[in-house]
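With the UniProt record's numbering applied, the sequence shown closes on residue 215, and no number is skipped along the way.
Beta carbons are placed, not taken as given, at the ideal position from N, Cα and C, and that holds for glycine.
To keep things clear, I will list the structure first and then write my remarks on it.
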Amino acid sequence: MKTLILKTEGLSAYGLQTFDVHRRANHFPTRSAIVGLLAAALGITRQEHQALYELSEQITTAVQVNLAGEKMMDYHTVQNFRSPDGKIQKGTKPTYREYWCDSEHTFAISAESELIRKLEAAVKTPKFTLFQGRKCCPLTRPLFDRVLDESNPAIALKKLANKGQVFSDVEGENQVARIQVRDKLTLVPRKYAMRMVYVSGEMIKSEQEALNELT
């Protein structure tokens with residue numbers, strides 16, 4: 001087992017599943033976004049649900065918010081929008097989308113050594129364009145940072161000794177909270193499962209603030 005370390009900086013928007021007019025940006029990158037980033041690098045399309053699910057099941061992840069940045073709001077109008085029951089509705093609808101300006105994140109992806117080698121090669125020469133959540137948030141620096149000989153992504157981030165709160169699939173050291181997030185891929189398109197997120201390190205938000213943002 002090894003851990004791939006990735007870094008991003010700049011404008012980001014990692015949204016949670018919602019059909020509301022207010023498209024919020026989560027205060028840390030979601031697991032589904034991490035899988036999507038890796039899948040895009042590998043050349044896996046959104047229609048390849050089995051391949052996406054298998055990739056998700058082969059990795060454990062952690063992300064450190066090194067700098068949250070400042071939140072901004074953008075006003076949109078959309079046509080032929082998707083309703084809560086998944087159907088396409090005709091007409092025009094206003095939406096408000098959140099973004100984080102000047103954010104900085106460090107990602108840790110742990111998996112078997114062979115998969116890590118494939119992921120390293122893919123993020124260095126990605127098949128599809130990579131972005132930070134939404135398509136309007138392009139990468140502003142090389143994504144690849146390093147590979148560590150570590151099986152726990154939360155511990156891998158601690159070894160880097162960077163500042164910031166860590167959100168992980170697995171327990172790390174100095175845990176301060178646990179929250180449930182619906183961002184784990186399933187075989188059903190646009191349907192996500194709940195997972196437990198273990199929070200450690202310097203507090204950016206209290207446990208209750210994090211829960212309030214997710215509900």
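Under the three-state reduction of DSSP, H76 is assigned to strand.
Following the DSSP letters along the chain, one finds V35 inside the alpha helix (DSSP H) bounded by residues R31 to L42.
V63 is a Cβ neighbour of F167, given a cutoff of 7 Å. Proximity of the segment 104 to 113 to the segment 154 to 165 meets the contact definition, three or more beta-carbon pairs being nearer than 8 Å. As computed with DSSP, P142 is found in no beta bridge at all. Closest by C-alpha distance to F144, out of R31, R134 and A122, is A122. Within its own chain, the residues whose Cβ lies closer than 8 Å to the Cβ of K184, once the five positions on either side in sequence are excluded, are R31, S32, S56, Y192, A193, M194 and R195, listed in chain order.
Residue burial is scored here from C-beta neighbours: P94 has fewer than 16 other C-beta atoms within 10 angstroms and is therefore classed as exposed.
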